[in-house]
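Contents: one structure, followed by commentary.
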Amino acid sequence: MPLKRGTSKETVSRNIKTETKHGKPHKQAVAIALNQARKSGAKIPKKSEK
């Protein structure tokens, strides 16, 4: 299940759909898609812990 590389909203949402389609929970799919976008160079800050 290869994910698309890229930083656009469309790419991230497509990766989320791909992950949920393969049985991942929604929150985990979002985390995986955002991590892939970060690896591609997107400037997405990590979730801060309080």
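Residues -17 to 32 in my numbering are what the sequence shown spells out, letter by letter. Every residue, glycine too, gets a C-beta built ideally from N, C-alpha and C.
Local conformation of A24 per DSSP, three classes: DSSP places A24 in the coil class of the three-state scheme, outside both helix and strand.
A19 and T(-11) look like a contact to me (Cβ under 8 Å); what is the Cβ gap, rounded to whole Å? 5 Å between Cβ atoms; contact.
Reduced DSSP category for R(-13) - H, G, I as helix; E, B as strand; rest coil: Reduced to three states, the DSSP call for R(-13) is coil.
Rounded to whole angstroms, how far is the Cβ of K2 from the Cβ of A13, which I believe are closer than 8 Å? In the sequence on display, residue 2 carries Thr and not Lys. Incorrect: roughly 12 Å between the Cβ atoms, too far for contact.
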